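Just below is one structure, and these are the notes that go with it.
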Amino acid sequence: MMRHRKLIVVAAAGALAGAAWMLKGSPAYDVLMTLAAVIAGFPIARLAWDGLRNRAFTIPLLVTVAALGAIWIRETWEAAAVTLLYVLGSYLEDLTLERTRAALRSLIDLRPRTARIKRGDDLVEVAADEVAAGETVVVRPGDRVPVDGQVTAGRAALDTAALTGEPLPAEVGPGDRVLSGSVSQGGYLEVLAERVGADTTFSRLIYLVAEAQEQKPKVQRFLDRFAQWYTPTVIATAVALFLFTRDVELALTFLVIGCPGALVVAAPVAVVAGLGNAARRGILIKGGERLERIGKVDLVTLDKTGTLTQGRPQVTSVVPFGGHDTTSLLTLAATAEQRSEHHLAAAILTYAKELGVAPSPVGEWRLDPGLGAVALTERGEILVGNRRHLTANGVALAPAEEAVIAAAEARGETIALVALGGRPAGLLGISDPVRPEARAMLGALRRAGVRRTVMLTGDHAAAARQVATALGIDEVRAGLSPADKVAAVRELQARGHVVAMIGDGINDAPALATADVAIAMGGSGTQAAIEVADVTLMSDRLERVPEAIALSRRIMAVVRQNVALAVAVVLLLLAGVVTRRVFLSGGMLVHEASVIIVILNGMRLLRS
Amino acid sequence: MKRQMIMLANLTCPSCGGKLEQATAKLPGMKSARVAFGTGALHVEYDEAQLTEAQIRTVIKQHGLDVTMTMAGK
Numbered sequence: 068m069m070r071h072r073k074l075i076v077v078a079a080a081g082a083l084a085g086a087a088w089m090l091k092g093s094p095a096y097d098v099l100m101t102l103a104a105v106i107a108g109f110p111i112a113r114l115a116w117d118g119l120r121n122r123a124f125t126i127p128l129l130v131t132v133a134a135l136g137a138i139w140i141r142e143t144w145e146a147a148a149v150t151l152l153y154v155l156g157s158y159l160e161d162l163t164l165e166r167t168r169a170a171l172r173s174l175i176d177l178r179p180r181t182a183r184i185k186r187g188d189d190l191v192e193v194a195a196d197e198v199a200a201g202e203t204v205v206v207r208p209g210d211r212v213p214v215d216g217q218v219t220a221g222r223a224a225l226d227t228a229a230l231t232g233e234p235l236p237a238e239v240g241p242g243d244r245v246l247s248g249s250v251s252q253g254g255y256l257e258v259l260a261e262r263v264g265a266d267t268t269f270s271r272l273i274y275l276v277a278e279a280q281e282q283k284p285k286v287q288r289f290l291d292r293f294a295q296w297y298t299p300t301v302i303a304t305a306v307a308l309f310l311f312t313r314d315v316e317l318a319l320t321f322l323v324i325g326c327p328g329a330l331v332v333a334a335p336v337a338v339v340a341g342l343g344n345a346a347r348r349g350i351l352i353k354g355g356e357r358l359e360r361i362g363k364v365d366l367v368t369l370d371k372t373g374t375l376t377q378g379r380p381q382v383t384s385v386v387p388f389g390g391h392d393t394t395s396l397l398t399l400a401a402t403a404e405q406r407s408e409h410h411l412a413a414a415i416l417t418y419a420k421e422l423g424v425a426p427s428p429v430g431e432w433r434l435d436p437g438l439g440a441v442a443l444t445e446r447g448e449i450l451v452g453n454r455r456h457l458t459a460n461g462v463a464l465a466p467a468e469e470a471v472i473a474a475a476e477a478r479g480e481t482i483a484l485v486a487l488g489g490r491p492a493g494l495l496g497i498s499d500p501v502r503p504e505a506r507a508m509l510g511a512l513r514r515a516g517v518r519r520t521v522m523l524t525g526d527h528a529a530a531a532r533q534v535a536t537a538l539g540i541d542e543v544r545a546g547l548s549p550a551d552k553v554a555a556v557r558e559l560q561a562r563g564h565v566v567a568m569i570g571d572g573i574n575d576a577p578a579l580a581t582a583d584v585a586i587a588m589g590g591s592g593t594q595a596a597i598e599v600a601d602v603t604l605m606s607d608r609l610e611r612v613p614e615a616i617a618l619s620r621r622i623m624a625v626v627r628q629n630v631a632l633a634v635a636v637v638l639l640l641l642a643g644v645v646t647r648r649v650f651l652s653g654g655m656l657v658h659e660a661s662v663i664i665v666i667l668n669g670m671r672l673l674r675s
Numbered sequence: 226m227k228r229q230m231i232m233l234a235n236l237t238c239p240s241c242g243g244k245l246e247q248a249t250a251k252l253p254g255m256k257s258a259r260v261a262f263g264t265g266a267l268h269v270e271y272d273e274a275q276l277t278e279a280q281i282r283t284v285i286k287q288h289g290l291d292v293t294m295t296m297a298g299k
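As structure tokens, this is what we get:
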């Protein structure tokens, strides 16, 4: 594996340098150290050459030139140390690159692979890409819808979470439009294919992520920008020194001292310590180069369902109608739903259990896809389902009852109506509660310097506004498709904001990839969101977001201090070299002291 | 014309991607070949009458790279 080549280089060169230490004083010392420097230095020299061809003066160039100079003047340990430290750092960076790409792969893994096409009375299974527009595909429970199209027959509950982020399945029937990537949770559908293959909504979602990842400007690390002027200055000065003094030894000493180990480790030590601290708090930051961006965030966009809310529907209101009380209503609902795997059934059964309400025995039972459940009991026929379900079974609602339903709907609740023996018994309102820490998090974001918060959600405007108002979010954009979310993030970026996006769903993945900083919910989030993210919150603790921003700033501050210190020491030493007050051995001692100071300074970040 | 997005494993150096891009672009029947380094993908558009996916995969293999998956391209 290419990826491990650098690790092998570090191990081999490290072993050689170690062996050299043991043979210190013998002639083998310089040979082994030189060998270590050559092995570790070769990949660096290639990077330096690549950079030069692009007219970039890079740290690898400085390391290469300094290592060559060090070998020339027999400071082989310095050559080995500087090259080894650099290769180790770049190996760690490669690991983060692989993780970015995993996002796209996990999405492609999720795409519908096969389709059942109806030909006459036969069902033929083909690759999803091979379905032609105009053909009819059959979708059975558990299938992913392979095309975008229109339902021609059947009914089913479709999990559209991949496209909308909403955990509650949509009930669809003839005439309804369905999108590829939705998963059938029950029922039977025949769908007339309209958009197929690369044109489907799910394929376009994948391309959106791919495009966003390609277009995301590569953040140039602080050290790279610094190298752009530091490297040529040091090299040019060394050359000038040689031209004026004709003293090769002096010029090379200058060059070697100009490329200190302290400069090469300044950033990695601070970053590794800081990321370790973050990880202990449940904040996973994928790479050091993202820290600078995270510290600059001034606008945060948030997904609603699963991010601000828990993403798990719960019973939030129980309204019995005439002749029933809360307990009897819950008993009826739990009785009818006890065998169901319907999404609302789980919420109802959990709630009943919490209140100690036990379901009664059921005789005959059936589920009408897209409508609700019907159960025959000793007390009569129980219905639990939507309004259409009651109407279909001849149950009429009184105006007062209609008003109660309308009020619950206005609260943004999904309604499960219960009827017994042909008469309405009451309703259960089900909704997705806001995470308890969400409000405090938004306050802390403001204190961390975030000036504006914007909700981007695939949910309806009413439900979105409800949550936004309760939490004090500045702006709401509702009913957004994955592509709309990307457009919203782009627009906010175009206004000059450094935009962070917090999300959890597959539908958030393209917007996450587009945002300057992507933050995913690690516990409940989908693989696609987690892999595209720069920051992942383990156990979904939202209050960690402001902490991540503050910690990133601290890490960057320490990186700058370290680089400043390394350079200050170098400048003093170089002044000494030029005025012939500092010689190689003394200079190296100060060098090593500065490495230790830089490491200790970086380690401060391990403490909270 | 067939368009495909070919996902590559272990593409770690940008210049390796550039070489693969040039080599695949030279295949007879290839209309366009582009390596996206950030996502580790090779985007190709080619004439199926002259070129097969297997031939493209051979060239990828010759460059020391592996294909993890392919999907229809845009």
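Read top to bottom, the protein sequences are chains A and B. Per the numbering used here, the first sequence starts with residue 68, numbered consecutively. Per the numbering used here, the second sequence starts with residue 226, numbered consecutively. Glycine included, every Cβ here is placed at the ideal spot set by N, Cα and C. Remember, it's a predicted structure, so these values are computed and weren't measured experimentally.
Check: Listed by chain order, chain A residues near R228(B) by CB distance under 9 Å; Outcome: A265
Check: Alpha carbon of R262(A) to alpha carbon of E476(A), nearest angstrom; Outcome: 34 Å
Check: Range of the contiguous alpha helix (DSSP H) that encloses H456(A); Outcome: 454-459
Check: Any C-beta of chain B under 7 Å from that of D196(A); Outcome: yes
Check: Segment contact flag, the stretch 376-396 of chain A with the stretch 412-431 of chain A, C-beta cutoff 8 Å, min 3 pairs; Outcome: yes
Check: Below-7 Å beta-carbon distance, T249(B) vs any chain A residue; Outcome: no
Check: Option nearest T268(A) by Cα separation, candidates R211(A), L609(A), I111(A), F650(A); Outcome: R211(A)
Check: Inter-stretch contact at 8 Å, needing at least 3 Cβ pairs: the stretch 487-500 of chain A / the stretch 458-471 of chain A; Outcome: yes
Check: Own chain, CB closer than 6 Å to R292(A), minus 5 neighbours either side, in chain order; Outcome: none
Check: Contact check, A250(B) vs A258(B), beta carbons under 7 Å; Outcome: yes
Check: Cβ pair I302(A), I175(A) closer than 7 Å; Outcome: no
Check: The stretch 215-234 of chain A / the stretch 247-257 of chain A touching (three or more Cβ pairs under 8 Å); Outcome: yes
Check: Cutoff 7 Å: A297(B) Cβ touching any chain A Cβ; Outcome: yes
Check: C-beta neighbour in chain A for M255(B), strict 7 Å; Outcome: no
Check: Contact with chain A by T277(B), beta-carbon distance below 7 Å; Outcome: no
Check: Contact set between I75(A) and chain B, taken where Cβ atoms lie within less than 9 Å; Outcome: Chain B residues near I75(A): none, gap ~14 Å exceeds 9 Å.
Check: Near-chain A residues of the stretch 256-274 of chain B (beta-carbon distance less than 7 Å), N- to C-terminal order; Outcome: A261, G263, T264, G265, A266
Check: Three or more C-beta pairs below 8 Å linking the stretch 318-332 of chain A and the stretch 129-141 of chain A; Outcome: yes
Check: Cβ-based neighbour list, V284(B), same chain, cut-off 6 Å, excluding 5 preceding and 5 following; Outcome: A248, T249
Check: Contact with chain B by I175(A), beta-carbon distance below 7 Å; Outcome: yes
Check: Contact list for S270(A) against chain B, beta-carbon separation under 7 Å; Outcome: A297
Check: CB contact below 7 Å: H71(A) versus chain B; Outcome: no
Check: Residue-level contact to chain B via CB, A78(A), 7 Å cutoff; Outcome: no
Check: CB of V566(A) within 7 Å of CB of L559(A), strictly; Outcome: yes
Check: Helix, strand or coil at I140(A) [DSSP, three-state]; Outcome: coil
Check: Contact with chain B by A112(A), beta-carbon distance below 7 Å; Outcome: no
Check: Boundaries (first-last residue) of the alpha helix (DSSP H) holding A473(A); Outcome: 466-477
Check: Rounded straight-line distance, which links the Cα of A87(A) to that of A676(A); Outcome: The requested residue 676(A) is not part of the displayed model; chain A covers only 68 to 675.
Check: Supposed close pair P179(A), P213(A) - CB separation, criterion 8 Å; Outcome: 4 Å
Check: Cβ-based burial, I663(A) [other Cβ within 10 Å; buried from 16]; Outcome: exposed
Check: Within-7 Å CB hit, A473(A) to chain B; Outcome: no
Check: CB-CB length for L673(A) against G343(A), believed under 8 Å; Outcome: 6 Å
Check: H678(A) burial status per 10 Å Cβ neighbour count (16 or more: buried); Outcome: Residue coverage of chain A in this structure runs from 68 to 675, which leaves residue 678(A) outside it and unanswerable.
Check: Boundaries (first-last residue) of the alpha helix (DSSP H) holding R648(A); Outcome: Per DSSP, R648(A) belongs to no alpha helix (DSSP H) and is neither H nor E.
Check: Alpha-carbon to alpha-carbon, L246(A) and V471(A); Outcome: 33 Å
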